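Chains as they are written, first to last, in the numbering used here: chain A, 1 to 416; chain B, 1001 to 1545. For glycine and all other residues, C-beta sits at the position ideal for the given N, C-alpha and C. None of the values given here were measured: they were computed from a predicted structure. The structure under discussion appears below in the form of structure tokens.
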């Protein structure tokens, strides 16, 4: 990013003044600077080894892995169903989306991905989109706070709290949802869910509008977002960046639109796309995505049919407790699923969904036993974090905070 | 039972005359043509090519009565599905193992079997390795259509010294009857009554007490027959399994050591057609018990627990003193309970480094035997010990006389178990006359208590090695559980001891000792160490049966 380009963009926004041209280029020595792994702005523990010249970064080495929990190896020692709690801890601010992604991979391997009960598919969409909103709220709130807008953080977390409380009513937990099952979801939505969600959506719209009013014309905020941390479309493609970060560069790729899964092809929604690829675009894309998620939720609540929430095959889903306790057939089915695990036919599969940060992929190999032979995750924020090494040089040290915040690197997902 | 394939043992077993090549017939199974020797059972033929035909009453080691009707397949030209376990293959036979009709009749048979089956899985010891569970899950997977009252039968029948019978769980496959008839060669079990009141039972006043009775528990496809020893101790799917060899006698039955969290819970036979087929004796199954009680867990010097370094220093000093004064007064005791590796390391130390001429052989006393599996020699490695001793080993009576005569004043004993057996010579060993007694042993027994220095030795469940059985087959024993306390394998202790005595024996692992022994000892020439193995959790090994 050359200075002239920076200036050009700022002129467009009407913020040009003498101070903005930056400090005069004084002769400096390169200084190594260690940022993280335990730094308040390095969410989820990541380490950046920087080389700075004055305030300007000349090189950045992004070192991840501090939150490695052996998800993939642990998965090889757990039954297919026991892996759900591990997936909660991938992107831990939208665990429902991870649940859905993993369940769909196993269902594809089982060949039941087209045979899921409709209601289960709608429920997955609803809890997924609600999680996406909470994911983006957390990202935006935390980033704004790091730029000094503490009110925005409180507003965002207030709305997130409504969603978390609703999801807690659904699955019993705010974060450790483990709500999906192979073949559907664990239980139906609670009574009154519909009305509560509609109410939350309305209130969240107000919160979003408040947040926009607080920051979008705020000089301090815009100065640190506009034109900072620009990722080009070519880089996004080369690094495999998807999700809001990828879309901010103008790359109109959304798994929900391009490879529709569940019932996403039945909803009317738009994929917001940025033009510059800077921090502000990523902010704006996320805000707009939340409105789009609300659109999907509105439609889904109208369209959701009654019916079962999990496939009725006793080899895949647990029988009803009344059956289990009173017939040997259901007892055996229950026992085998819990102790041996679902028998997934041998084979390999790659299945991908649109998670909070982009394309969340599961590459799974089964050897026909009750546990995966290999369970590999393609974490969407891994690619976005990788590009930081290219984006940060040339920026100021202070620019790391909003840039890293808008990448939304989640340690649990990136390091697995 | 696991296939013996990967754990193959090689040795100079009984040499058979080459058989003429069998006559082959062509059978079409599920549309694919295959060649089989004439007389092959159709079920085995189908399963050999991966057709996966289920069964309850069939067992590879027993005759087939075709009572369970689970292995029904469609054969072209036959009006009804035929029991494949009872049908020999014939030329140009065309078989459909998964025709809708065959699948349907099998499912109906399963439904009948399940009608009276109690809802016992949570309290049943077989759960997790139950064939009924497996077949229901794989082949039926339909919910009950019948909510009638199940027929009540006796739940806890004390049928024998090692076994409890639950008649409700029995699916009447008669495998256990045939095990008694065909393996133990005694007819102790029988079916009584008819229809849904049919039960398995013994004759009035009689017990299931043959020496092979626990094989009935292994072959029982459900939890009708359960072992008192294993009952309610551990859930089967939590166990890890490791292939090994039974140390109970010179037969060397191939077994699996099933363990969890460092504790062995049961031994089950592993198929080896050349040694034990599918079976093992009841006595052998309990050999794991002694590995878990009264173990010597720390080195002792003068009866006091000490660090390994101090114990080895003391042992080296005591032996060196005798060697310096009277070099030919040192004796060593080989033990037929030790692995080839421990014995080889001892032979290297005693014969090659210390040039000791006085060597003795110890072991368990002789016991009962039969013509089925049990050998009178209760040591797993007599053949190996004798071969490694190469004619230099004398009896414990000689040792007793030598000590009394003052010809042996220092003694190294490896594997003390058996040295103080019940025989008259052994119990009369005047160990108190020795100036230095270095005992490397597993248990706190008389020899350890009399020893100047006692060093803790691993048991057969804790160390890698090989045993040579009575047929001369060198079979692999694998470490399944961690060593008790501070105990170490014999070859390692002897390496440390050798260094204290100024000899250079530097073995780092049992495999290296094995490799060297294999080079030097003719009887181990064809032996195979095998590949390293991780324990397999039964939960993920699929159901067994």
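I need the straight-line Cα distance from residue i to residue j, nearest angstrom please.
| i | j | result |
| --- | --- | --- |
| residue 1111 (chain B) | residue 1024 (chain B) | 38 Å |
| residue 1523 (chain B) | residue 1356 (chain B) | 23 Å |
| residue 1504 (chain B) | residue 1521 (chain B) | 20 Å |
| residue 1255 (chain B) | residue 1243 (chain B) | 6 Å |
| residue 1391 (chain B) | residue 1348 (chain B) | 15 Å |
| residue 1258 (chain B) | residue 1378 (chain B) | 22 Å |
| residue 139 (chain A) | residue 408 (chain A) | 6 Å |
| residue 1393 (chain B) | residue 1035 (chain B) | 53 Å |
| residue 1079 (chain B) | residue 1044 (chain B) | 22 Å |
| residue 1187 (chain B) | residue 1180 (chain B) | 6 Å |
| residue 125 (chain A) | residue 265 (chain A) | 11 Å |
| residue 1481 (chain B) | residue 1289 (chain B) | 13 Å |
| residue 970 (chain B) | residue 76 (chain A) | No information on residue 970 (chain B) is available, as it lies outside the stretch 1001 to 1545 that chain B covers here. |
| residue 366 (chain A) | residue 357 (chain A) | 27 Å |
| residue 1519 (chain B) | residue 1508 (chain B) | 17 Å |
| residue 373 (chain A) | residue 233 (chain A) | 36 Å |
| residue 220 (chain A) | residue 288 (chain A) | 21 Å |
| residue 1532 (chain B) | residue 1222 (chain B) | 33 Å |
| residue 249 (chain A) | residue 1130 (chain B) | 58 Å |
| residue 401 (chain A) | residue 121 (chain A) | 38 Å |
| residue 239 (chain A) | residue 351 (chain A) | 19 Å |
| residue 453 (chain A) | residue 73 (chain A) | There is simply no residue 453 (chain A) to check, as chain A begins at 1 and stops at 416 in what is shown. |
| residue 1413 (chain B) | residue 1448 (chain B) | 10 Å |
| residue 11 (chain A) | residue 279 (chain A) | With a pLDDT of 43 at residue 11 (chain A), under the threshold of 50, the modelled position of that residue is not reliable, and the figure given next carries that caveat. One C-alpha to the other measures close to 17 Å. |
| residue 1027 (chain B) | residue 1140 (chain B) | 27 Å |
| residue 1099 (chain B) | residue 1106 (chain B) | 11 Å |
| residue 429 (chain A) | residue 273 (chain A) | The structure shown does not extend to residue 429 (chain A), since chain A spans only 1 to 416, so no value can be given for it. |
| residue 1387 (chain B) | residue 331 (chain A) | 56 Å |
Can the beta-carbon of residue i be found less than 8 Å from the beta-carbon of residue j?
| i | j | result |
| --- | --- | --- |
| residue 110 (chain A) | residue 182 (chain A) | yes |
| residue 61 (chain A) | residue 93 (chain A) | no |
| residue 1376 (chain B) | residue 1334 (chain B) | no |
| residue 432 (chain A) | residue 412 (chain A) | In the structure as shown, chain A begins at 1 and stops at 416. Residue 432 (chain A) is therefore absent and cannot be evaluated. |
| residue 1441 (chain B) | residue 1454 (chain B) | yes |
| residue 1089 (chain B) | residue 1071 (chain B) | no |
| residue 1410 (chain B) | residue 1330 (chain B) | yes |
| residue 1443 (chain B) | residue 1296 (chain B) | yes |
| residue 369 (chain A) | residue 1137 (chain B) | no |
| residue 1401 (chain B) | residue 1336 (chain B) | no |
| residue 1057 (chain B) | residue 1175 (chain B) | yes |
| residue 1051 (chain B) | residue 1030 (chain B) | yes |
| residue 395 (chain A) | residue 57 (chain A) | yes |
Pull the bridge partners of residue i from the DSSP assignment, please.
| i | result |
| --- | --- |
| residue 1360 (chain B) | B:1333, B:1394 |
| residue 374 (chain A) | A:365 |
| residue 1243 (chain B) | B:1256 |
| residue 1355 (chain B) | The partner list for residue 1355 (chain B) (beta bridge, DSSP) is empty, contrary to what the question assumes. |
| residue 1094 (chain B) | B:1028 |
Does the beta carbon of residue i come closer than 8 Å to any beta carbon on chain D?
| i | result |
| --- | --- |
| residue 257 (chain A) | In the displayed structure, chain D is absent; the protein chains listed are A and B. |
Within 8 Å, do at least three Cβ pairs link the region 89-103 of chain A to the region 322-337 of chain A?
no
Quick test of the definition: if touching needs 3 or more C-beta pairs under 8 Å, does the region 1320-1327 of chain B touch the region 1290-1308 of chain B?
no
Does the region 46-54 of chain A come into contact with the region 372-382 of chain A, if we say contact requires no fewer than three beta-carbon pairs (one atom in each stretch) closer than 8 Å?
Segments in contact, no.
Given a limit of 8 Å on CB to CB distance, which residues of the region 398-409 of chain A reach chain B?
none
Within 7 Å of chain B by C-beta, residues of the region 64-82 of chain A in sequence order
none
Beta carbons nearer than 8 Å to chain B: which residues of the region 307-328 of chain A have them?
313, 314, 315, 319, 323, 325, 326, 327, 328
Interface positions of the region 363-391 of chain A facing chain B (Cβ-Cβ less than 7 Å), listed along the chain:
369, 370, 371
Contact residues within the region 1105-1119 of chain B, judged by C-beta distance below 8 Å to chain A
1114, 1117, 1118, 1119
Counting only Cβ-Cβ distances shorter than 7 Å, please list the residues of the region 84-96 of chain A near chain B, keeping chain order.
With the criterion set as a beta carbon lying under 7 Å from some beta carbon of chain B, the region 84-96 of chain A has no members that meet it.
Members of the region 1526-1541 of chain B that neighbour chain A once the beta carbon cut-off is set at 9 Å
1537, 1539, 1540, 1541
Where the region 329-356 of chain A meets chain B: residues whose CB sits under 7 Å from a CB there
Only those residues of the region 329-356 of chain A whose C-beta falls short of 7 Å from the nearest C-beta of chain B are listed: 329, 330, 331, 332, 333, 335, 336, 339, 340.
Counting Cβ pairs, one atom from each stretch, are 3 or more of them under 8 Å apart for the region 149-169 of chain A and the region 78-87 of chain A?
no
Decide if the region 1157-1172 of chain B is in contact with the region 1203-1220 of chain B; the criterion is three or more beta carbon pairs, one per stretch, under 8 Å apart.
yes
In chain order, what residues of the region 1125-1136 of chain B put their CB closer than 7 Å to some CB of chain A?
Answer in chain order: 1127, 1128, 1133, 1136.
Residues within the region 1033-1060 of chain B neighbouring chain A, beta-carbon criterion of under 9 Å
none
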